[in-house]
Amino acid sequence: MTAPTIEQAYATCEDITRTEARNFYWGIRLLTRQRRSALCAVYALARRVDDIGDGDLPVEEKAARLETVRKELAALDRSTDPVMVAVADAARRYPVPLEAFEELLDGVWMDIEGRRYGTFDELTEYCRCVAGSIGRLCLGVFGHRPHPRAAHYADALGIALQQTNILRDIREDLLNGRIYLPEEDLDAFGVDLRIDHGALADPDGGLANLIRHSAARAREWYADGLRLGPLLDRRSGACCLAMAGIYRQLLERIAEQPSAVYDKRLSLSGREKLGVAVRALGGRAA
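Residue numbers for the sequence shown follow full-length UniProt numbering, beginning at 1 and rising by one.
Shown next, in the form of structure tokens:
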């Protein structure tokens with residue numbers, strides 16, 4: 001296979017991002033051209049890994065495909081795959097921590113093997129693998145003023161976003177045989193996760209209380225992670241605020257009305273996402 005040009009490789013990644021990144025693209029489009037291309041490359045590879053985990057293939061085939069990605073990362077400069085070519089170029093231009101992709105692969109394997117989480121600390125480790133890794137990859141593209149906790153803030157922001165995803169997707173995940181809410185929390189709030197007539201059952205309000213409790217905990221991770229903003233330049237900071245703002249607004253909507261996620265997948269409208277992006281350009285979080 002003939003290797004694509006760098007321009008062709010980035011164009012492939014931007015097409016993937018534009019099509020698939022329903023929330024992230026609102027932030028990515030605020031970056032300068034070069035940084036936007038690099039972040040699209042990061043997203044395209046992360047999406048490929050996620051799709052392996054979420055696909056309908058047998059476990060053995062999923063494991064083989066994850067291993068293929070690991071091998072391609074180890075031989076990145078020799079790849080002719082457009083996404084890998086773009087990632088390799090992005091890593092030459094910016095200090096992208098490629099080892100974070102290894103963490104993402106580990107996290108997706110947790111999904112494939114159907115891991116359950118007994119405690120919130122165990123869930124946090126999963127979130128760190130699948131989302132904190134993305135935060136640190138983004139930070140490599142953004143660049144930042146020197147600060148000893150910059151990577152920690154990026155990690156925390158990714159974990160906050162993943163906690164929001166988990167609350168939004170409780171029903172969808174349960175239908176797919178996955179439960180992310182920690183067993184200790186389910187027990188504490190007396191929740192037996194099940195679907196009743198197409199919706200999450202919550203006969204005594206315990207699930208609603210658990211969701212509000214989890215949202216309050218996620219807010220603490222957002223507060224920590226958003227300390228990253230002042231360390232970034234204006235355009236990168238706007239991108240960060242837009243990404244976080246969309247998910248944080250979604251979190252508040254879920255916390256206000258937990259039952260909104262009982263029978264559907266909640267999302268913000270395009271107009272609402274645009275409003276978040278505009279405020280982010282002005283340096284304001286949603």
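Quick reminder that beta carbons are idealized off the backbone N, C-alpha and C, glycines included. Values in this document were obtained by computation on a predicted structure and should not be read as measured data.
| task | Go ahead and label Ile-159 buried or exposed: buried means 16 or more other beta carbons lie within 10 angstroms of its beta carbon, across all protein chains shown. | result | Buried is the call here.
| task | Could you spell out the range, first to last residue, of the alpha helix (DSSP H) harbouring Lys-71? | result | For Lys-71, the uninterrupted alpha helix (DSSP H) run begins and ends at 59 to 74, by DSSP.
| Should the stretch 16 to 27 be called in touch with the stretch 61 to 70, which here means at least 3 C-beta pairs below 8 Å? | no
| said: For Leu-226 and Glu-252, I'd like the C-alpha separation in whole angstroms. | reply: 16 Å
| message | Assess contact between the stretch 210 to 220 and the stretch 147 to 165, defined as three or more Cβ pairs (one per stretch) separated by less than 8 Å. Is contact present? | response | yes
| said: I'd like the ranges of any beta strand (DSSP E) spanning at least 3 consecutive residues and lying wholly in the stretch 165 to 252. | reply: none
| said: Alpha carbons only, please: which of Ser-37, Asp-121, Tyr-25 is nearest the one belonging to Ala-277? | reply: Tyr-25
| query | For the candidate residues Leu-232, Glu-183, Leu-200, Thr-12, whose alpha-carbon lies nearest to that of Gly-118? | reply | The shortest C-alpha separation from Gly-118 is found at Glu-183.
| query | Roughly how many whole angstroms lie between the Cα atoms of residue 323 and Thr-80? | reply | The structure shown does not extend to residue 323, since the chain spans only 1 to 286, so no value can be given for it.
| task | Sort Ile-179, Gly-270, Arg-234, Thr-164 by Cα distance to Pro-258 and report the nearest one. | result | Considering only Ile-179, Gly-270, Arg-234, Thr-164, the residue with the shortest C-alpha distance to Pro-258 is Thr-164.
| query | According to the neighbour-count rule (16 or more other Cβ atoms, all chains shown, within 10 Å of its Cβ), is Ser-269 buried or exposed? | reply | Classification of Ser-269: exposed, given that the 10 Å Cβ count is below 16.
| Using a Cβ-Cβ cut-off of 6 Å (strictly less than) and excluding sequence neighbours within five positions of Ala-201, which residues of its own chain qualify? | Arg-194
| Reduced DSSP secondary structure (H/G/I, E/B, other) of Tyr-153 | helix
| Which value, in whole angstroms, describes the spacing of the CA atoms of Phe-120 and Leu-39? | 30 Å
| message | Can you give me the C-alpha to C-alpha distance between Gly-107 and Gly-114, rounded to a whole angstrom? | response | 11 Å
| said: Check this for me: beta carbons of Ala-156 and Arg-136, under 8 Å apart or not? | reply: no
| In this structure, does DSSP put Thr-19 in helix, strand or coil? | Three-state result, Thr-19: helix.
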